[in-house]
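Asks: Just so we're aligned, residue -2 is where the sequence shown starts under the working numbering, counting upward by one. Quick reminder that beta carbons are idealized off the backbone N, C-alpha and C, glycines included.
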Amino acid sequence: MIEIWLNPACSKCRTAVSELDASGKEYVVRRYLDTPPTVAELEDVLARLGLEPWDIARTADAAGLGVELPAKDEDHRHTWLELMSDHPKLIQRPIITASDGTTVVGRDPESVARVIDAG
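#1: Give a yes or no on contact between the segment 72 to 81 and the segment 94 to 108, applying the rule of three or more CB pairs nearer than 8 Å.
#2: Any idea if residue 62 is buried or exposed, counting beta-carbon neighbours within 10 angstroms, 16 or more meaning buried?
#3: Just verifying my parser: in three-state terms, what is the DSSP assignment at residue 66?
#4: Does the distance from the CB of residue 45 to the CB of residue 89 come in under 9 Å?
#5: Using a Cβ-Cβ cut-off of 6 Å (strictly less than) and excluding sequence neighbours within five positions of residue 33, which residues of its own chain qualify?
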């Protein structure tokens, strides 16, 4: 099974959903703005991606949300996770996870194809 965290207003998310539909694979949609991920869920996704919170942050959106972003370092890592959970618009999208653990930020067809092949 594949899970996709998406914002339906996002064109990259709509493209990823179209690719998932075309693949015939079953998937579950999580509207992460309505049901934000917990800090633990973000930790899990980041571990699968091999990235840090600031690597998947939409930093340009912070000012519009009234959020001051901390330094991009280990001392502030948990603060990043809390901010992203409290303000899910800060999270890059879509994030897609296959049942085997393959996880991608599906902003390009190659990344989406990788998770479809794994799912």
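Replies: With the given structure in hand:
#1: no
#2: Residue 62 is exposed by the Cβ-count criterion.
#3: DSSP places residue 66 in coil when its eight states are reduced to three.
#4: no
#5: 82 and 85
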